[in-house]
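Engineer:
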Amino acid sequence: MKQPDSGKTMMYVAISLILFIVLALPVKFFPVTNIVLHHHYITILHTNDVHGRLEPFRYKDGNELVGGLARRAGLISAIEAANKNVITLDAGDFAQGTMFFNVFGGEPDVSMMHMAGYDAGTIGNHEFDKGLHNLKNIIKTSGYPFVAANIRFTNDAELQSMVKPYIIRNQQGLKTAIIGLVPKDLKTLVNVPEGIEILDPIETTRKIVAEVNPKAGLIIVVAHQGLDEDIKLAKSVPEIDVIVGGHSHTLLRKPKVLDVTGDKTVIVQTGEFGQYLGRLDLKMRDKKIQNYHYQLIPVNNDVPYNSAYVKINEYVSQYAEEVKNYGKQKAGQLATTIGNDGEKAKTGLTVTGGLVTEAIKHRFPQVDVVLQNSGGIRLRRTVGPGEITVADVMELYPFENQIVILELKGSDLKSVLEHSARVYPRPNDAFLQSVGLEYTIDSAKTPQKLSDDGLTILSEGNRVLDIKVGGVPLDNDKYYKVAVNDYIYNGGNGFSQFKNAANVTNTGLLVYDVICDYVKQNSPVSIEVKDKINYK
């Protein structure tokens, strides 16, 4: 009979003993990073650029009513009821764009978003439209945290303390870092007071990611900077898992997915006005996206009619009644049709732009030139001929811009027009509607060149030719009396030339009040484009 091999027997005993000891040890004996415990599943719901659409509306004259916060609340509630791990985020510009903002300043929007289930959001450029005091009120009212890592409020410690660079939430055991970003060119988009510093979004995010990466299993950036900037960010900081985007109003039916170092970065955006609720379902393991599924859920009549829907709908209806009573006041009569020419206004003169500039010229007949940036004219539907209401005017010009009268040297006026024509024939918010001018744009010639932040002219262009003011050729050394809004006077849309102006007077008059007065005093108003731009 063969005897057992005593050496092998001892080896088996030793191995068994080692296995017993190893299995008996607590898990924390081993580095957690070397052990795959389990998968994490998380659902991210998101919106961007809702722009005050609290009620359902018809998009671009469509037949179906879409959007509305009550419907969105019903969807969020139903998804939360069916899924354990849900987080709801907004990427900014939730307010401004309807009379709700003009009357209430954005506070109803955020308070009801909190009731609807929003967990965090970032600040869009339009959240600054009523100034820092109103921004503070919005944040205080919100009930959910605002994150923005690349902005510093150096003159306002209270506001700085209210806006966090990031937060970390424990989502069913998955620690989730949420970092916020504002546009790097914010100072060209809004009237930003002294004491606001904008940091480079990529460098800022890179530093924060290095800080949170050891703590967080999922890193989300909520960014109001546009799709192109989101792509640059994802390429530069590949540790980011998800970018919830906004600002460019891009409807991404499929996420933009980058895989720079073997780690996926998923970029999502829902278009504009809350027509869709974005839903991104993630399967995470070891700080990496193992799988994902994405939906753009239409916010329409098919949404769940549940208690969340009913609750928010009651609140929206109360605010809507106040807005309706204010807006239905008659401003006057139009003899022509205005509106629905916003894109055309970004490359040429329009009837709607003519109403704005003629109203200002009528109020200040002493000025030689009136200039209005096309990005400030927002009427997306047609009005007239016939009655025009206060609500129509506020929809046409929703910003609380004041009229500034100044004297500008001819050479600076030419530079202003070069800035207006800088990217022609591409649409541009900085393209100017005007009264008092005639000129030619030659897009084959050299455009004005700006610094990366859009605040400094690096070299002057020569696209704008044959300028006439009041029918007389421009004199580069003469000072002309010009009316502008305080937004572009303070550098909005990148206009830096007005800092050279003389005899500056802020009239304190709001542009939309001047439009209302003009319509009331001159009804029925017939608008024609009097200025002329020739194109080569």
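Reading the sequence shown from the start, the letters are residues 0 to 535 in numbering that gives the first Met the number 0. Built from N, CA and C at the ideal position, the CB exists for glycine as well.
1. Of the choices Thr175, Glu157, Leu44, Leu416, whose alpha-carbon is the least far from that of Leu116?
2. What residues match up with Leu239 in a beta bridge as DSSP calls it?
3. At the level of alpha carbons, what is the spacing between Asp512 and Met393?
4. What's the gap between the Cα of Arg462 and the Cα of Val368?
5. In the DSSP assignment, what residue or residues form a beta bridge with Arg284?
6. By the three-class DSSP mapping on this structure, what secondary structure does His37 have?
7. Based on the DSSP secondary-structure assignment, which residues constitute the bridge partners of Gly120?
8. Within a Cβ cutoff of 7 Å, which residues of the same chain sit near Thr346, ignoring the five residues on either side of it in sequence?
9. For Val409, report the span of its alpha helix (DSSP H) as first-last.
10. Once the 5 residues before and after Leu173 are set aside, which same chain residues still bring their CB inside 8 Å of it?
11. Could you please give the first and the last residue of the uninterrupted beta strand (DSSP E) stretch that includes Lys174?
12. Does DSSP put Val208 in a helix, in a strand, or in coil?
13. Is the CB-CB distance between Asn339 and Gly375 below 8 Å?
14. On the CB-based measure, 16 or more other CB atoms within 10 Å of its CB, does Lys214 come out buried or exposed?
15. Helix, strand or coil for Ile137? Go by DSSP, reduced to three states.
16. What is the DSSP secondary structure of Arg278, counted as helix, strand or coil?
17. If we count the other Cβ atoms within 10 Å of its Cβ and call it buried at 16 or more, is Lys7 buried or exposed?
18. Look up Pro384 in the DSSP assignment and give the residues it is bridged to.
19. CA-CA distance, Pro384 and Val518?
20. Can you list the beta strand (DSSP E) stretches of 3 or more residues lying completely in the segment 303-383, in chain order?
21. Measuring alpha carbon to alpha carbon, tell me which residue in Gly331, Pro55, Thr249 is nearest Glu63.
22. Enumerate in chain order the residues of its own chain whose CB-to-CB distance from Tyr534 is below 6 Å, with the five nearest sequence positions on each side excluded.
23. Note down the Cα distance separating Gly91 from Val49, rounded to an integer number of angstroms.
24. With a cut-off of 8 Å, do at least 3 Cβ pairs link the segment 484-498 to the segment 318-333?
25. Report yes if the C-beta distance between Val220 and Thr204 is below 8 Å; otherwise report no.
26. Give, in chain order, every unbroken run of the beta strand (DSSP E) that is at least 3 residues long and sits entirely within the segment 389-465.
27. Given a cut-off of 8 Å, decide if Ile195 and Ile137 are closer than it, judged by their beta-carbon atoms.
28. At the level of alpha carbons, what is the spacing between Phe103 and Leu257?
29. Rounding to the nearest angstrom, what Cα-Cα distance links Lys531 and Val468 in this structure?
30. Is it buried or exposed, Arg252, if we count other Cβ atoms within 10 angstroms and call 16 or more buried?
31. Which of the three DSSP states is assigned to Leu68 in this structure?
32. Counting only the same chain and skipping the five closest in sequence on each side, list residues whose C-beta sits under 6 Å from that of Val389.
33. Kindly indicate which residue of Glu79, Gly61, Leu185, Thr97 has the alpha-carbon position closest to the one of Ile122.
34. Would Tyr308 and Ala69 qualify as a contact pair, given that the criterion is a beta-carbon distance under 8 Å?
35. For Asn154, tell me which candidate among Asn290, Lys408, His132 has the shortest Cα-Cα distance.
36. For Arg52, which of Val298, Asn521, Val350 has the nearest alpha-carbon?
Structural biologist: Walking through what the data contain:
1. Residue 116 is actually Gly in this sequence, not Leu. Nearest option by C-alpha distance: Leu44.
2. In the sequence under discussion, the amino acid at residue 239 is Ile, which differs from the Leu named in the question. In DSSP, Ile239 forms no bridge with anything.
3. 9 Å
4. 20 Å
5. Lys287
6. Reduced to three states, the DSSP call for His37 is coil.
7. Asp89, Phe145
8. Answer for Thr346: Tyr423, Pro424, Pro426, Phe430, listed in chain order.
9. Looking at the sequence provided, one finds Gly at residue 409 rather than Val. Note, Gly409: alpha helix (DSSP H), 409-419.
10. His39, Ile41, Asn84, Gly216, Leu217, Met283
11. 173-180
12. helix
13. Going by C-beta atoms, Asn339 is not nearer than 8 Å to Gly375.
14. Exposed is the call here.
15. helix
16. It is a strand residue.
17. With a pLDDT of 41 at Lys7, under the threshold of 50, the modelled position of that residue is not reliable, and no figure is offered here.
18. Paired residues: none, contrary to the question.
19. 13 Å
20. Listed in chain order, the complete beta strand (DSSP E) runs (minimum 3 residues) inside the segment 303-383 are 329-333, 368-372.
21. Pro55
22. Ile440
23. 8 Å
24. The segment 484-498, when compared against the segment 318-333, does not touch it at the 8 Å Cβ threshold.
25. yes
26. 401-408, 431-434, 436-440, 456-458
27. no
28. Between Phe103 and Leu257, the C-alpha separation is close to 40 Å.
29. 11 Å
30. Flag for Arg252 reads exposed.
31. helix
32. Gly326, Gln328, Ala330
33. Leu185
34. yes
35. Ranking Asn290, Lys408, His132 by Cα distance to Asn154 puts His132 first.
36. Val298
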